[in-house]
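What follows is a short report on a single structure.
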Amino acid sequence: MVMPWLSYYVTTKAFIKREPSVQELGVDQWGNPAINPYIRARLRNEAAALEFVAQHSTISVPQKVRLWEENGLVYLRMSLIEGAIELASVDDSLMPDAIAKVTAELEKDILPRLHGLPKTGRIGSSDLELPFIPSRRFWRAKEDREWPMKTSSSYVFCHGDLSRNNILIDPECFKIRAIIDWESAGFYPENWELPLWKANSPQEKSEMVRRANERDVGFWEGMGTDGVGEQSHG
1 MVMPWLSYYV
11 TTKAFIKREP
21 SVQELGVDQW
31 GNPAINPYIR
41 ARLRNEAAAL
51 EFVAQHSTIS
61 VPQKVRLWEE
71 NGLVYLRMSL
81 IEGAIELASV
91 DDSLMPDAIA
101 KVTAELEKDI
111 LPRLHGLPKT
121 GRIGSSDLEL
131 PFIPSRRFWR
141 AKEDREWPMK
151 TSSSYVFCHG
161 DLSRNNILID
171 PECFKIRAII
181 DWESAGFYPE
191 NWELPLWKAN
201 SPQEKSEMVR
211 RANERDVGFW
221 EGMGTDGVGE
231 QSHG
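This is the structure in structure tokens:
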């Protein structure tokens, strides 16, 4: 499937993400070439995050199979998680029970283990060779610039986009089978791991992000940004 912000393919055994081509991205509302912020670095970051989490924990994530570049585009091949469904696809009548069970498992088990992974002492990717990608909620629509680096021993490893689409569960008992979509993962202040899976509507999710933006905008002082940017797909 080709979308404006990402192309992906599903086989019987694998899930493949691909950077969109210039032709696929098209133009923005002003007729200028569209930009998918940091897409090449994000795919490389996801590959690094999958390896990092698998190496240092038993948290269930897709296995990184291959990361490569072909015809100028970055591809990431991962194992397919079989027999699981997205939390977002649970029937409305069952959603409260599913959310309660997922919340308990995340907050009591998975997130403490994730945030306890070995630290690098700097913000951003677990791969120290990759540039720092700011949190998705601070992107500007046409942004693809480099940001300066911050260091701190308090930064913990975060997923960065724990929405219902990125949590795969057992359809019968609602136990978490895997966490997917690690493009935004990295070392950040712990309170940046927003409980997006608890939002019951796009409006509720937007309000959660808005409040977090207001809380965190001061963090970027001196890092080359003049305020909170627009959200982008990804």
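Numbering (the UniProt record's numbering), first residue to last: 1 to 234. Even glycine gets a Cβ: it sits at the ideal position worked out from N, Cα and C.
Cβ-Cβ distances below 8 Å link Leu80 to Val10, Thr11, Thr12, Lys13, Ala14, Phe15, Pro62 in the same chain, with the five nearest sequence neighbours on each side left out; the list follows chain order.
Residue burial annotation: Val102 is buried, with at least 16 other C-beta atoms found within 10 angstroms of its C-beta.
As far as DSSP is concerned, Gly72 takes part in no beta bridge. In the structure shown, the three-state DSSP call for Glu129 is coil. In terms of Cα proximity to Val90, the closest of Glu207, Pro171, Leu6 is Pro171.
Assigned with DSSP and collapsed to three states, Phe187 falls in strand. The region 188 to 196 makes no contact with the region 52 to 62: fewer than 3 CB pairs, one atom from each, lie closer than 8 Å. No residue range can be given for Arg122, since it is assigned to no alpha helix (DSSP H) and is classified by DSSP as neither H nor E. With contacts defined by Cβ atoms closer than 9 Å, Ala49 and Ala185 form a contacting pair. For Ala14, the enclosing beta strand (DSSP E) covers residues 14 to 18. Going by beta carbons, Val156 and Gly121 fall outside the 9 Å limit.
Only residues of its own chain outside the window of five on either side were considered, and among them Leu87, Val90, Ile169, Phe174 have a CB closer than 8 Å to the CB of Ala98, listed in chain order. At a Cβ-Cβ threshold of 9 Å, Asp181 and Asn166 count as neighbours.
By the criterion of a C-beta distance shorter than 8 Å, Leu194 is surrounded in its chain by Leu162, Met208, Val209, Ala212, once the five residues flanking it on both sides are discounted.
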